[in-house]
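Before any comments, here is the structure.
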Amino acid sequence: MPTPASMVRPFHWELEFPEVFSQTSGKTGFDVVVGNPPFLGGANIWPTLGGAYRDFLRVIHAETGGKAVDLIAHFIRRAFTLSGTGGTVGLVATNTVAQGDTRAAGLRYVCRSGGRIYAAVKRKAWPGQAAVIVSVIHFSKVALQQECVLDGKVVPGINSFLLGTASEADPRQLRQNKDRAFRGHLVYGMGFTFANDDILSESSPLSVMDELIRRNPMNRERIFPYMGGSELNTSPTQEHHRFIINFADLPENEAARWPGLMKIVNDKVRPERAKLGGYSVAARRSERWWQYGTYAAGLQQAISSIPRCLALSQVSAHHAVAFQPTSRIFADTLLVFALHTYAAFAALQCRVHESWARFLGSSMKNDLRYTISDCFETFPFSEGFDCNAIVEEIGQKYYEARARIMTQYNKGLTAIYNEVHNPDSEWPEIAGLRELHDAMDRAVLDSYGWSDIRPYCNFISESDEDEEEEEGRARRVKYRYRWPDEIRDGILARLLDLNRQRAVKEGRLPIEPVMIPGTVESERKTHNVRRKPRKLVGEFNLNLLSHEEES
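So for the sequence shown, my numbering puts the first residue at 192; every next one is plus one.
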C-alpha cells in the first residue's frame, strides 16, 4: 500500500474554490483567467506527461484525440470551462493556436460554444532568449459589448482562424482535388539508399551501386534516383545526389530475382526492422523488410502517365514549388502533385495559394508545414486552372527566370527566396523576379474573375520588434515580401466562400456560416430559425445553423 506521503493528491477546482463554483455563492466560475501555458506539441504530450494524462485530456475534452492537437488547445478548453458567465480569458499561446486540429479543438470550440474572441495578436516574437513566435488571445464566456481588436486594429469580429470577421465556418475538402496530391514514400530504412555523403554510414557508397550494375545490368531496373526535400530546396537545378533500391510492393520471391540488392537490404534494413514493436504496422514492416515502410502506390500510379510533376518540401521556410521528372522516387519529406503544366505551377506557387496554405497549414517554428488534406484538398482552384493559356504563359516566364537566377548564382530555392524577401538584396535580377511574381498573382486572380482586386506587396517584418542577442548585438529583422494583411484576408474570405459554394455544388450538406453569438449579424441570421444538430466528417457534432423553418 502506498503511504499517504507518496500518494498523489487530486486537485478539484470546485472543492478548492467553493466561493467561485458553489450554488450558494451564486457564481458559475472565475471572472478572469490569465495564463502562459507550456508550449508542447500534441505528439509530445504522451512522451512528456505520460499516457494516463493524455487519455485524461481526451476524456474531459471530447474529440481532441490524435497527435496534431497541441497542449494549448486543452488549456483553452479548460480556461473556458472554468470561467463564469461574462468571464474573460487571456492567454499567451503558441502560434499554432489558429492552425489545423489545434484550432478546431480550442478556439473553434470556444466560438461555437457561446464564446467570443474580442482581442488577439496573431504573431509576436517572444521577448526572451527563445526564438519563439507566440499569439496572444483574449476571449469571453459570452459576448461582451466592447469592440474587437485584432493586431491593434478594430475589426467586425474575430473568428477561430484569428481573421477579422464574425463568420465562423470551416473549409471542406473538395472532391475535384482528390487523388492529385500525394506524400512521398516513407522508406523506413536508409539502408535502401546509395550515397557518398552519409555520415551515419547507413547508405552504401555509389561505387557499390556502380559495381552491382556492372556485374548484373538487371539491377538497374530496381535502382532509382532518390529525391528529398533538402535536395529540392538547396540544389540550383533540383538535382538528386542519392539513389535508392525500390522493390515496390513485390512479394519476397519476386524480389529475390535481384539477389545482390536483396543482400544489401537484408544486411542493412532487416536488422533494424526486426527491432520494431509488435503492433500491426510495425509487425508488417518487420515481416516485409524488403519493402518501404509505406509504399506510395497511389502516387506512382498518378504520375505514371506524365513526364514530369510538381513537388514541394512539406516543411520549409519558403513556399517553393518545382518540377521533377516522374522517373524519381520521392521521399516522404516531399509532397508531389500529379500536375505538369506551367499554369498548374503558377496556381500552386502564387500568393493566392500560398496565403491559403499558410492560413490552413501548421508551422514548425516559423516554417510552413504544408499538409495535403488541409492546404490542397480544400483549395478552390479557378475553373480550368491547369490549362489557362494566360496563366500558362506567365507561369513559364516566372519559372524560367527563377531557374536562370539559381543557375547564375549557383543557389537553391531557399537562397533565392531569402533574397526575394530581403529588402536589401544586392542581386539585380531579384527585382525582376518580384515583378514576375506579382504579374503571376494578378493573372491567377483574374482567372477567378476577381479583376477588381489589384494587390501589391510590401516588405513586412515577421515580428513586431527588434530582438537583441545576449551580447547586445541587434538581431537581423526578418521580412517577407507579401501582401498586407487586409489584402490577404480579403482574398482568403473570398476563397472560403468559394470553397463553401464548391462543397454545396458537389452535393454535400449546405454549409451555413456559423456566426459568433452576441453580434448584431448573428442575431439577424438566427431570427426565426432553429438549430439542427448535424454530424460532419472530421468535425465536432455541433449545432450548425439551419435556415429551415420550424416544421
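Ideal Cβ positions, reconstructed from N, Cα and C, are used throughout, including at glycine.
Bear in mind that the values here come from a model prediction, so they are computed numbers and not experimental data.
Asked	Found
Residue 571 to residue 692 span [Cα, whole Å]	9 Å
Residues near residue 656 by beta carbon distance below 7 Å, same chain, minus five either side	Legend: pLDDT at residue 656 = 44, less than 50; position of this residue unreliable, no value from coordinates given.
Which of helix, strand or coil DSSP assigns to residue 187	Absent from the model: residue 187. The displayed extent of the chain is 192 to 742, so no value can be given.
Local Cβ density within 10 Å of residue 651, reported as buried at 16 or more and exposed below that	exposed
Helix, strand or coil at residue 578 according to DSSP, with G and I counted as helix	helix
Cβ neighbours of residue 459 in the same chain (closer than 6 Å, five flanking residues each side left out)	382
Simplified DSSP state of residue 266, which is helix, strand or coil	helix
Three-state class that DSSP yields for residue 238 in the structure shown	helix
Chain-order list of residues whose beta-carbon lies under 7 Å from that of residue 569 (same chain, five-residue window excluded)	362, 363, 364, 365, 551, 690
Start and end residues, beta strand (DSSP E) containing residue 500	499-504
Where residue 729 falls: helix, strand or coil (DSSP)	Because residue 729 carries a pLDDT of 32, less than 50, the predicted location of this residue cannot be relied on, and no value is offered for it.
Best match in 413, 201, 371, 209 for proximity to residue 492 [C-alpha to C-alpha]	371
Buried versus exposed call for residue 247 [16 or more other C-beta atoms within 10 Å across all chains shown]	exposed
Rounded separation between residue 649 and residue 672 - CA only	5 Å
Continuous beta strand (DSSP E) assignments of at least 3 residues falling wholly in the segment 606-678	649-652, 670-673
Reference residue 412; option with closest CA among 430, 428, 435	435
CB contact flag (residue 410, residue 452, <8 Å)	yes
Rounded C-alpha distance that separates residue 206 from residue 200	13 Å
Any 3 or more C-beta pairs closer than 8 Å across the segment 487-503 and the segment 402-409	no
Same chain, Cβ closer than 6 Å to residue 293, five either side skipped, listed in chain order	260, 261, 264, 287
Straight-line gap, residue 539 to residue 268 (C-alpha atoms, nearest Å)	35 Å
Buried or exposed by the 16-neighbour rule on C-beta atoms within 10 Å, applied to residue 578	exposed
Alpha-carbon spacing of residue 312 relative to residue 510, whole angstroms	24 Å
Runs of alpha helix (DSSP H) lying entirely within the segment 285-327, each at least 4 residues, in chain order	291-296, 298-302
Straight-line gap, residue 583 to residue 532 (C-alpha atoms, nearest Å)	7 Å
Residue 305 vs residue 344 beta-carbon contact at 8 Å	no
Proximity to residue 440 [Cα-Cα], best of 420, 479, 230	479
Burial state of residue 279 (16 or more Cβ within 10 Å)	buried
contact_flag[the segment 502-522, the segment 589-609] where n(CB pairs < 8 Å) is 3 or more	yes
Beta-bridge partners of residue 344, as assigned by DSSP	341
Nearest-angstrom Cβ-Cβ length linking residue 520 and residue 437, presumed shorter than 8 Å	6 Å
Inter-residue spacing [alpha-carbon to alpha-carbon] between residue 586 and residue 560	24 Å
Residue 524 versus residue 340 - alpha carbon distance	38 Å
8 Å contact criterion, which residue 273 and residue 220 should meet: CB distance rounded	5 Å
Nearest-angstrom Cα separation, counted from residue 423 out to residue 342	35 Å
Opposing strand residues paired with residue 431 [DSSP bridges]	Paired residue(s): none; residue 431 is not in a bridge.
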